[in-house]
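Residues 617 to 1076 in the numbering used here are what the sequence shown spells out, letter by letter. The beta-carbon is built from N, C-alpha and C at its ideal position, and this holds for glycine as well. Remember, it's a predicted structure, so these values are computed and weren't measured experimentally. See structure below.
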Amino acid sequence: MISPQELASLLGPLLLNPRDNYPRTPFFDAVVDSRRVNPGALFIALRGENTDGHHFLGDALERGATGLLCRVTGETIPTSEDRDNVSLFQVEDPLSALQAAAKRWREQHTTRVVSLTGSVGKTTTREAVAQLLASRAPTLESPFNYNSEIGLPLSLLRLEPQHVWAVLEMGPYDLREISLLCEIAQPEIGIVTNVGPTHLERFGSIEAIEEAKGQLPASLPPGGLAVLNADDPLTLRMRDRTSARVLTFGRSEQADIRATDETSQGLDGLGFTLNFEGQSVAIRTPLVGAHHVMTALAAAAVVLGNDWTLTETAEALSTLRAGQRLKPRRSYSGALILDDTYNAAPLSMQAALDLLAELPGNRVAVLGDMLELGGEEEAGHRAVGAYSVGRCDRLIAIGELAKITADAAWDAGHQQIQWFEDKAPATEILRQELGADDVVLIKASHAQELETMVEALITP
C-alpha cells in the first residue's frame, strides 16, 4: 500500500495543506466507508447520493484511521487522541484527487494491467485470469466489486513494486466511465466478455452499452492485446475499434481460441478441448456450469497471448478455484443449495438453470427480480420463465418482476409454480419442505438480498 509521504507527493498541487514531513509507514488500506476502517487505514471522504463521508470523519478516526483525504470545508476536522500519527490531506474534490493519485501511482509501476468488462461474466473471468497469472508471478486482483470510478482507483492504490500483473474489473455506470477508467489504469490487455441488456435502464439502448464496453479495446496501445468474444457479434466488431493485437475466443469456428467436445460433470467441473493455432489439448477444470467454458477460454486467451504453451495453459486451468459466484452449500435438512445470489441477468439466469438441469434430484429454482434491464425488463423476465420449463421441477418466483417470470413459465407449460411478493413466506415454506433429495438454485439481483434466504435454509 501507499504511504502518507507518497500520497502527498502524488497529490502535488491538488493538496491544499502540505506539510514538511509525513510518516513513511504505509497505510493498511484505503476505504470510502468508515464502517470498513481498520487501524492504519486511509479514509477517503466522498459525497454520495444519500450521504456525505465528511459526516463520518470522527467515526473513521475512532476506528483507527491514520489518514483522512477530504475536502476543505468550514467544519472542524475531528481530532483524535493520537493526532500526530494522523495525516490530513485536504483537497477541493476528494474523488478527483483519488483518481489523479491512483493514475500517478500506476504510472510509477511497471505492472502490466489487464482490464475486463462485459454485461455478464466479469467477476468470474477476473478471478480466473488473476489465478492463472498469479501461478507464475505476483498479481494484484481488484477485490469484491471494485470496478467503478471509485473502486478501480482504490484497487490501484494497492499496487506494490513486486506486482508483475494487475487484473482490474471495469463496470461502467455511464457512457463516459470506461474511458475514464482506462485513462487511470492504462491497461495493456483488455477483455470484453459480451454485450447484453444488463444495466439497460441506465444506458438506454444496447447500442449505448456496446459503445461503452468498446471504449476498453479502443484504449489499448498498439502493442497491447484485445481479447474478444467471437460468439457475440456486438463484441466481435470491436476488433475494428482497436489498434492492439486481437485474439477471439468462443465456440465459433472463426474463434482464434476455440472450445470443442464439451462435457460437464455437474458440480465436479467441466471438460473440453482447447484449440489454438492448429493445436489442441484436453482441458479439465473445476469451474462449474457449461457457461464457464467461456470463462476458461477468455482466461486462456490472456496467457496464450503472452506465450504460454497449450500444456502450461491446460495445467493452470485444471487448478482454478471456484470464485464468489455460484457456491454449493448444504441446508440443515440435507438439501443441496446452489447459492447464486451475487447478481442476475437473463443470460446468467439461463446458464444457472442449465446447471440445475444437469444435477440429479428434485430440482427447485428460486428466482427473484432482475434489475436495471430498462426496456428489456419484461422480455428478459419472460425469457427466463419460458427457459425454466424442463430445467426445474418446481419454480418459486419472488418479487414484483419475478411475477412476469412465473406467468411466462406457466404459459410455456410449467406445472409446479409458486409466486411470492416477498422472500419471507417462501423461505418458511422451503424450511418446512426441503429434503435431502432436493437441489435448490437461488438467484436474483443482489439488491434482492436472497443471501438471507440461503442463510436461513442452512441454519438449523
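Query                                                                                                       : Result
Per DSSP, cross-strand counterpart(s) of R946                                                               : L952
Cβ-Cβ distance between T957 and H1062 below 8 Å                                                             : yes
Beta-carbon gap between D985 and Q881 smaller than 8 Å                                                      : no
Segment contact flag, the region 805–825 with the region 937–951, C-beta cutoff 8 Å, min 3 pairs            : no
Where I807 falls: helix, strand or coil (DSSP)                                                              : strand
Cα-Cα separation between N761 and I1014, rounded to whole angstroms                                         : 25 Å
Whether E620 touches S735 by CB criterion (8 Å)                                                             : Checking the sequence shown, residue 620 turns out to be Pro, not Glu. Taking 8 Å as the Cβ cut-off, P620 and S735 do not qualify as a contacting pair.
Cutoff 6 Å; reference S868; Cβ partners in own chain excluding five residues on either side                 : A846 and D847
Whether S731 touches L784 by CB criterion (8 Å)                                                             : yes
Sufficient close CB pairs (3 or more, under 8 Å) joining the region 702–722 to the region 674–683           : yes
Per-residue DSSP class, three states only, for T1068                                                        : helix
Any 3 or more C-beta pairs closer than 8 Å across the region 817–834 and the region 789–806                 : yes
Residue of S764, K738, A744 and E776 minimising C-alpha distance to L756                                    : E776
Residue interval of the beta strand (DSSP E) (run including A1054)                                          : Residue identity check: residue 1054 is Asp in the sequence provided, not Ala. D1054 -> beta strand (DSSP E) spans D1054 to K1059.
7 Å CB neighbourhood of T858 in its chain, flanking five on each side removed                               : P833, A834, L836 and A842
Outcome for P769 when other beta-carbon atoms lying within 10 angstroms are tallied against a minimum of 16 : buried
Collapsed DSSP secondary structure at R998 in the structure displayed                                       : helix
Three-way DSSP call (helix, strand, coil) for S859 in this model                                            : coil
Selection from G905, D884, A916 and L883 that minimises the alpha carbon distance to L890                   : A916
Beta-carbon gap between A951 and L1050 smaller than 8 Å                                                     : yes
Length at least 4, wholly inside the region 635–684: the alpha helix (DSSP H) runs in chain order           : 673–678
Boundaries (first-last residue) of the beta strand (DSSP E) holding S896                                    : Q895 to T901
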